[in-house]
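Down below is the structure, laid out as structure tokens.
Shown next as structure tokens:
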């Protein structure tokens, strides 16, 4: 049995997720900001973090990567298409916003590939869902019927595609092929805002008209 906890962090309120199993082991997804808070929450839960998983490498999803990684001595996983983004403020977008700190992390420890990822007792179906960014991925936890999808799909909306490497056509195809095909029991957890379901988005999302 898995538990998911949601933490909206930073100035853009990016959702960081903790996925915990019954033994207290956990995965940290998208530690975008407020590293001290993430660390405190994990320690309050007596959590045993095993890894950081990144849905993509825009600055608001990676700002606390090194702080959390170094504190718990755990590896960071990202899709290879964005392997340079963690270290490069021009690629991760942090250089685009005056007044915000430049985000420069160390390189990722592992590259994600399409298919099953095994970390401890966790079994994660990694799905490459580009469009918002070239290395965007979604993490599907089949037994728990939950999906963490980053900025690919939102409740009633979709990810923006006007940033470098973005493509509306590619994004819509990713959503159609990789997310709307999930069973109706699934809950979808986006990078910003509330959770949703594939069925709700098929019925109500104005950007997905024509997809079913």
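Numbering (my numbering), first residue to last: 3 to 214. We put the CB at the ideal spot given by N, CA and C, even for glycine. No experiment lies behind these values; they were computed from the predicted model shown.
(request) Spell out a yes or no on whether the stretch 42 to 57 and the stretch 77 to 85 are touching, meaning 3 or more CB-CB pairs, one atom from each, closer than 8 Å. (result) yes
(request) Determine the DSSP secondary structure at residue 53, reduced to helix, strand or coil. (result) strand
(request) On a CA-only basis, which of 74, 173, 100 and 33 is nearest residue 135? Give me that one, please. (result) 173
(request) Just mark residue 32 as buried or exposed, buried being the case when its beta carbon has 16 or more other beta carbons within 10 Å. (result) buried
(message) Rounded to whole angstroms, what is the Cα-Cα separation between residue 214 and residue 73?
(response) Note that residue 214 scores 48 on pLDDT, short of 50, meaning its location in the model is unreliable and no value can be drawn from it.
(message) Can you check whether the C-beta of residue 82 is within less than 8 Å of a C-beta belonging to chain B?
(response) Chain labels in this structure do not include chain B; a single protein chain is all it has.
(message) If you measure between the beta carbons of residue 164 and residue 144, is that distance less than 8 Å?
(response) no
(request) Can you tell me the Cβ-Cβ gap for residue 113 and residue 85, rounded? I've got them flagged as a contact below 8 Å. (result) 7 Å
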